[in-house]
Every structure is written in structure tokens, then in C-alpha cells.
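Shown next, in C-alpha cells, is the structure this report addresses.
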Amino acid sequence: LEQGFPIVGGSKMPWLIKDAETPVENLFFVHVPRCGGTSLSTHFKVNEQCIKGCNLWHKMGMLYFFYRYRLLETANFPIWAWETLIATCQFCVAICLFIAAEETSFVRREGHRFTRFPIIAYTFLVSGTFLLVSSTFLFTAPFIGRVALIRKFYLILVHYILFRAMESTDWCTGTNIKGYMMHLTMPKLLQYGYVTPERMEEVSEKKRTLMSFTPGGGKDLARQG
Numbered sequence: 243l244e245q246g247f248p249i250v251g252g253s254k255m256p257w258l259i260k261d262a263e264t265p266v267e268n269l270f271f272v273h274v275p276r277c278g279g280t281s282l283s284t285h286f287k288v289n290e291q292c293i294k295g296c297n298l299w300h301k302m303g304m305l306y307f308f309y310r311y312r313l314l315e316t317a318n319f320p321i322w323a324w325e326t327l328i329a330t331c332q333f334c335v336a337i338c339l340f341i342a343a344e345e346t347s348f349v350r351r352e353g354h355r356f357t358r359f360p361i362i363a364y365t366f367l368v369s370g371t372f373l374l375v376s377s378t379f380l381f382t383a384p385f386i387g388r389v390a391l392i393r394k395f396y397l398i399l400v401h402y403i404l405f406r407a408m409e410s411t412d413w414c415t416g417t418n419i420k421g422y423m424m425h426l427t428m429p430k431l432l433q434y435g436y437v438t439p440e441r442m443e444e445v446s447e448k449k450r451t452l453m454s455f456t457p458g459g460g461k462d463l464a465r466q467g
């Protein structure tokens, strides 16, 4: 604003200001997707750094988390995914088992025919349906962000049922019962103990030192960021 950024009606980001009369007192801060966070994580190889020294279960969980994170950046409801292929294979196996059961599992009792239901076929059918529906629709940003019940179930699943396999508290990435860790605000990071006040002060001091050596008092650096 001090540099004369355009306000409502201008050509550059008019959504930053709610009131053109007193813009300094009525800033409207929003989270803007695709603003560089993923690029920074890729540049510093966070997905590789966070699994160093971890057990196999944790490595698999973090690899799957980053796979899903990249996938959901391309589509709200991803159909062309590995989960869809696995679910399709499960359906095919279930159909084959049902057909085999119809051909071989008839027994005669008092003139009636009874079918022995293949429990394995039903297991594949139910698990494939859950995998397809959850990965394509339920466990996606539109549902997790808008339906509290689905969000709570998802967080309980990744935190307790999967034994926190998709979290990295050291790198503040992944997801657990608190949500997506890379989306937490600084007060939340301090509140949950992911970052200590001393570490926060150390990082803030380094930032202030860096900006103090930037021409223009750090304003050029801030504008670039």
C-alpha cells in the first residue's frame, strides 16, 4: 500500500483490499493456491529429507502422502490414479470368484440347491468399493474442506488407524489429527509444540538480518516474495 499498489478496481489483485476508503485498516488476507509453497518444498527436497532415518512404514506413508498431494493438485476428483487401477483389479477378481462359485459351489440338500457364498469375493468387492469412493470423492479437498464428519474421519484414519504414518513433525509436513501440517499458522505450530519459541526467534532474527542487507530496507525482497 505504501508503494502505491492499486486498490479495488485496479488491474493488480483488487481482492487484497475490502475497503477502498481505509485500506490499511481493512486488509483482506487470503490463502492463494499455487503461490510458491510447493515449488519451495520441491526445491529443498522436503519429500526426500523427511523420510531419512524413518522406518519402512513411515516411509511408505510419507511417499503416499506426497503422491496424493501432487495428484490432488491436478484434479479435485482424480479418476486416473493408482487407486482406481487397484479397485478395478479387485472388482475383476471378485467377479471371477463369484462366477467360479456359481459353477462349483452348489450342494443338494433335500432337493434344494444352496450356494456357498465366497467370503473372499465379498471382501474384494467391499474393499474395492471403499478404495474407489474414498480416493476419488470422499478423501479429496472439496469433501474434506466442507464436510466436518468426513474430515474428522479422515484425520482419525491417518493419525490412529494408520499409526501416524503420514506425518513428519521435524519437517512440519504431512498430515495428522491436527490437519495438514504445512497449512498450519505460526501460532498453531507454537501451540502444538512443532516449533519452539527459541527456534522461531532464531529464524525471525535471521530473516530480519537478511532483509536489513537488502537495498531499499528489504522492500524489494518483500515484493519479490
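Taking the working numbering, the leading residue of the sequence shown gets 243, the next gets one more, and so forth. Ideal placement from N, C-alpha and C gives every residue a C-beta, glycine not left out.
Residue span of the beta strand (DSSP E) that contains residue i, given as start and end
i, result
"Gly-416", "415-418"
Where residue i sits in the DSSP three-state scheme
i, result
"Tyr-311", "helix"
"Phe-333", "helix"
"Thr-382", "coil"
"Gly-295", "coil"
"Tyr-306", "helix"
"Glu-447", "helix"
"Phe-405", "coil"
"Thr-438", "coil"
One or two residues paired with residue i in a DSSP bridge
i, result
"Tyr-422", "Thr-417"
"Ser-410", "Thr-415"
Element boundaries [alpha helix (DSSP H), containing residue i]
i, result
"Ala-317", "That residue, Ala-317, is in no alpha helix (DSSP H); it is neither H nor E in DSSP."
"Lys-430", "428-433"
"Ser-283", "279-285"
"Val-368", "361-375"
"Leu-397", "390-398"
Cβ shell of residue i (< 8 Å), same chain only, five flanking positions each side left out
i, result
"Asn-318", "Thr-382, Ala-383, Pro-384"
"Glu-447", "none"
"Pro-360", "Leu-339, Phe-340, Ala-342, Ala-343, Ser-347"
"Tyr-402", "Ile-419"
"Pro-439", "Leu-432"
Cβ-Cβ distance between residue i and residue j below 9 Å
i, j, result
"Gly-303", "Leu-373", "no"
"Thr-417", "Thr-378", "no"
"Phe-366", "Ala-336", "yes"
"Met-423", "Thr-415", "yes"
"Thr-284", "Glu-315", "no"
"Asp-412", "Cys-292", "yes"
Closer than 8 Å: residue i CB and nearest the ligand PLP heavy atom
i, result
"Met-442", "With respect to the ligand PLP, the structure shown offers nothing to examine, as it has no ligands at all."
Cβ-based neighbour list, residue i, same chain, cut-off 6 Å, excluding 5 preceding and 5 following
i, result
"Ala-329", "Gly-370, Leu-373, Leu-374"
"Phe-184", "It is not possible to answer for residue 184, since the shown part of the chain is limited to 243 through 467."
"Leu-397", "Ile-419"
"Thr-363", "The sequence given here places Ala at residue 363; Thr does not occur at that position. Hits under 6 Å: Ala-336, Leu-339, Phe-340."
"Val-437", "Leu-431"
"Asn-289", "Phe-308"
"Leu-380", "Ile-392"
"His-300", "Ala-407"
Same chain, Cβ closer than 7 Å to residue i, neighbours up to 5 away in sequence not counted
i, result
"Ile-386", "Ile-392, Arg-393, Tyr-396"
"Tyr-434", "Lys-420"
"Glu-409", "Gly-416, Thr-417, Asn-418, Met-423"
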